[in-house]
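Asker: Here it is, the structure, as structure tokens.
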Ligand code: ATP
């Protein structure tokens, strides 16, 4: 392997730049050429490539987003699209690639390597932390810190006005952001997709909280929670059934995807980039780099994309105890 490509794909996450930087600099360190591909698989199909040397990634370790841009690409889902992408890589003399992204991006990479025997390694970059084979994905730590910072501010105003706030955070299929940021910010209740708390229990919990002398409450709601109502419907429901509260809603939205990556995400991204390039040069392929018990580990892409991570029962228990 002489030339390695790197790109970001799917939803962006803070720390992707640090991962790009790491891949580029590891290639430079080991005397290999590196090529950046713009806009993920779309740019691969179009041949949107740029040679990258160690200096091309100056001053990006601290920046959110991705300098290589990200995209979703329908054409890559088709065998014809992947064939075009392969032709472009061959034309450029690229021998292997590192894909930084989530489950969908890894599924595409897996199909590609199965069809063309092309060496690929994945780096998990998503704020959702929903990838099997890694305790943490790049961007998750930054996202939960962003959420905690915002909830701290909401708490200030909530307690000044004796209000109840429903705060919606990202997480369509998994509640890792909600659960971790919820415990970190001292939320009263946390509604996640993996567990249906039930409306009755929510009302009971809020009643108990008020009776225990708490003047304000914050309930974190993951986008995909299973209680059957969105944050605005929850507000109406609680106002109707529990008129003791003045209820407000805050939807955090895309701010959770942005911002300067935390030190944890920068270090994680740097480690994963090194491991990805070294693994390719050791002749490994079809694997995802992950972290487990503070060590870098490799998981077959086929396993990484198989299913969602499990909810952390211990954290749920801690959250329950903390709201006493
Ligand atoms: P996130 O979920 O964090 O947004 P992701 O990598 O899962 O990230 P997706 O939009 O699911 O994001 O996938 C990114 C791209 O990967 C798609 O636009 C498509 O080009 C490619 N891809 C996804 N699924 C497949 C598939 N089944 N076959 C081929 N390519 C795929």
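Numbering (the UniProt record's numbering), first residue to last: 5 to 328. Built from N, CA and C at the ideal position, the CB exists for glycine as well.
#1: Specify the secondary structure class of residue 75 as computed by DSSP and reduced to three states.
#2: List the whole-angstrom C-beta distance separating residue 51 from residue 21, where the pair is believed to meet the contact cut-off of C-beta under 8 Å.
#3: Among 232, 256, 211 and 278, which one has its Cα closest to the Cα of residue 245?
#4: Please state whether DSSP places residue 115 in a helix, a strand or coil.
#5: Alpha carbon to alpha carbon, what distance is there between residue 289 and residue 58?
#6: Using 8 Å for Cβ pairs, my map puts residue 225 next to residue 171. What's the rounded Cβ distance?
#7: Just to confirm the assignment: which complete alpha helix (DSSP H) runs, minimum length 4, are found wholly within the region 195–281?
#8: In whole angstroms, what separates the C-alpha of residue 39 from that of residue 183?
#9: May I ask whether a heavy atom of ligand 1 can be found less than 7 Å away from the beta carbon of residue 133?
#10: In three-state DSSP terms, what is residue 193?
#11: Under a three-way DSSP split, which group does residue 309 fall into?
#12: Mind checking which residues open and close the alpha helix (DSSP H) that includes residue 171?
#13: Please name the residue, chosen from 232, 328, 222 and 227, that lies closest to residue 202 on a Cα-to-Cα basis.
#14: Can you tell which of 91, 315, 46 and 35 has the C-alpha that lies nearest to the C-alpha of residue 75?
#15: In this structure, does DSSP put residue 83 in helix, strand or coil?
#16: Using the Cα positions of residue 94 and residue 236, report the straight-line distance between them to the nearest angstrom.
#17: Report whether the distance from the Cβ of residue 62 to the nearest heavy atom of ligand 1 is below 7 Å.
#18: Figure out for me which residue from 272, 67, 26 and 204 has the closest Cα to the Cα of residue 56.
#19: Using CA atoms only, rank isn't needed, just tell me which of 243, 219, 263 and 293 is closest to residue 272.
#20: If residue 2 and residue 168 are in contact, beta carbons under 8 Å, what's the gap, nearest whole angstrom?
#21: Out of curiosity, what's the CA-to-CA distance linking residue 179 and residue 193?
#22: Hey, out of 102, 321, 42 and 115, whose CA is closest to residue 279's CA?
#23: Could you give the first and the last residue of the continuous alpha helix (DSSP H) run that contains residue 24?
#24: Can you name the start and end residues of the alpha helix (DSSP H) that residue 322 belongs to?
#25: Grab me the residues of residue 3's own chain with a C-beta within less than 6 Å of its C-beta, minus the 5 sequence neighbours each way, in chain order.
#26: Find out if the Cβ-Cβ distance for the pair residue 148, residue 188 is shorter than 8 Å.
#27: Is residue 54 near residue 6, with beta carbons less than 8 Å apart?
#28: Beta-carbon within less than 6 Å of residue 283's beta-carbon, same chain only, minus the 5 sequence neighbours each way: which residues are those?
#29: If you compare alpha carbons, which of 137, 85, 66 and 146 is closest to residue 258?
Answerer: In short:
#1: Note: residue 75 maps to coil in three-state DSSP.
#2: About 23 Å separates the two Cβ atoms, so there is no contact after all.
#3: Among 232, 256, 211 and 278, the Cα nearest to that of residue 245 is on 211.
#4: Note: residue 115 maps to helix in three-state DSSP.
#5: One Cα belongs to residue 58, the other to residue 289, and the distance between them is close to 24 Å.
#6: Yes, they are in contact, since the Cβ atoms of residue 225 and residue 171 sit about 7 Å apart, within 8 Å.
#7: The region 195–281 contains, as complete alpha helix (DSSP H) runs of 4+ residues, the segments 203–215 and 235–245 (chain order).
#8: Across the structure, residue 39 and residue 183 are spaced so that their CA atoms are roughly 38 Å apart.
#9: Flag unset: Cβ of residue 133 not near ligand 1.
#10: When DSSP states are grouped into helix, strand and coil, residue 193 belongs to the strand group.
#11: Here residue 309 carries a coil assignment [DSSP, helix/strand/coil].
#12: Per DSSP, residue 171 belongs to no alpha helix (DSSP H); it is in the beta strand (DSSP E), 167–173.
#13: Nearest of 232, 328, 222 and 227 to residue 202, Cα basis: 232.
#14: Checking every option, the nearest Cα to that of residue 75 belongs to 46.
#15: Note: residue 83 maps to helix in three-state DSSP.
#16: One C-alpha to the other measures close to 52 Å.
#17: Because no heavy atom of ligand 1 lies under 7 Å away, the Cβ of residue 62 does not count as near it: no.
#18: It is 26.
#19: Nearest C-alpha to residue 272: 293.
#20: With the chain represented from 5 up to 328, any question about residue 2 goes unanswered, as that position is not in the structure.
#21: Cα-Cα distance, rounded: 13 Å.
#22: Among 102, 321, 42 and 115, the Cα nearest to that of residue 279 belongs to 102.
#23: Looking at the DSSP string, the run of the alpha helix (DSSP H) that includes residue 24 is 20–33.
#24: Here the alpha helix (DSSP H) through residue 322 covers 317–326.
#25: As shown, the chain starts at 5 and ends at 328. That puts residue 3 outside it, with no answer to give.
#26: The answer is yes: Cβ separation under 8 Å.
#27: No, Cβ-Cβ distance for residue 54 and residue 6 is not below 8 Å.
#28: Here the set comprises 125.
#29: Of all alpha-carbon atoms in 137, 85, 66 and 146, the one lying nearest the alpha-carbon of residue 258 is that of 146.
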